[in-house]
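Q:
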Amino acid sequence: MSARFPTKHCQRADPHEGHMVTSDEAAGYCPGYPALAPQQVWQVADRRLEREGGVRFRVIVRIDGTHAHCHDCGKTGERTSSRIFKIRLDRFKPTSTGYRYVGLAQ
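Below, the structure is given as structure tokens:
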């Protein structure tokens with residue numbers, strides 16, 4: 128488990144409130160995550176970026192039936208690129224190929 132992200136997520140697929148996680152592997156606090164909506168900021172959860180000292184954030188611009196349309200941004204949501212990324216909605220969960228919820232863009 129990462130020092131930067133010391134929480135363990137329960138892997139529930141539905142949006143839910145944070146709660147305690149207990150299992151044989153790990154115990155900790157599940158941060159939960161909200162239903163997807165425009166203006167939310169999410170952090171790329173790729174551990175390779177973490178090892179290299181880099182962190183990437185995406186801000187959701189709009190959501191269609193299966194994908195979120197996002198821009199690169201800073202931690203507070205200010206856009207840093209005009210490139211649009213289409214990301215499948217099921218990837219917005221804190222797994223190694225997913226995203227971690229940061230907050231709303233300011």
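When we follow the working numbering, the leftmost residue of the sequence shown carries the number 128, and every step to the right adds one. Just so you know, even glycine gets a beta-carbon here, dropped at the ideal spot from N, CA and C.
If I follow the unbroken beta strand (DSSP E) through R227, where does it start and stop?
A: First-last of the beta strand (DSSP E) with R227: Y226 to L231.
Q: Along the chain, where does the beta strand (DSSP E) containing R215 start, and where does it finish?
A: F212 to R215 is the span of the beta strand (DSSP E), which, as asked, contains R215.
Q: Sort T193, E177 and D173 by Cα distance to G225 and report the nearest one.
A: The shortest Cα separation from G225 among T193, E177 and D173 belongs to D173.
Q: Within the continuous beta strand (DSSP E) that includes R178, where are the two ends?
A: Element bounds for R178: not the beta strand (DSSP E) but the alpha helix (DSSP H), R174 to R178.
Q: Does the separation of the CB atoms of G204 and L231 fall below 9 Å?
A: Going by C-beta atoms, G204 is nearer than 9 Å to L231.
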